[in-house]
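Taking my numbering, the leading residue of the sequence shown gets 9, the next gets one more, and so forth.
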Amino acid sequence: MERNEIMVHDIGKTIMIIALVLFAVGAVVHFGGRFLPFGRLPGDFVWQGKNWSIHFPLASSIVVSVVLTVLVNIFFRR
9 MERNEIMVHD
19 IGKTIMIIAL
29 VLFAVGAVVH
39 FGGRFLPFGR
49 LPGDFVWQGK
59 NWSIHFPLAS
69 SIVVSVVLTV
79 LVNIFFRR
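Here is the structure:
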């Protein structure tokens, strides 16, 4: 194969992987509200007033950060 064909093949693979990751993230966001307690963990702060509310998901952000760090280290370790 020529160099251009290899590059196009690699770009196609990359786009397919990105699409699968986006699909998985979309499914977790869509269905996760029913099954996952993100936004309702101890350490997630919510302040509500008469016509306003502020959500500060500190614990959920820490959990997501730790999980993503572990996954990135597993998949991209050389």
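Backbone N, C-alpha and C fix where the C-beta goes; we use that ideal spot for every residue, glycine too.
Values in this document were obtained by computation on a predicted structure and should not be read as measured data.
Using a Cβ-Cβ distance cut-off of 8 Å, the region 20-36 and the region 48-56 are not in contact, since fewer than three pairs of beta carbons, one from each stretch, lie closer than that value.
Judged by DSSP in its simplified three-state form, F46 adopts coil rather than helix or strand. For W60, there is no enclosing beta strand (DSSP E), as DSSP marks it with neither H nor E.
With a beta-carbon spacing of about 7 Å, S61 and V54 fall inside the 8 Å limit used to define contacts. Counting only the Cα atoms, K58 lies some 36 Å from V75.
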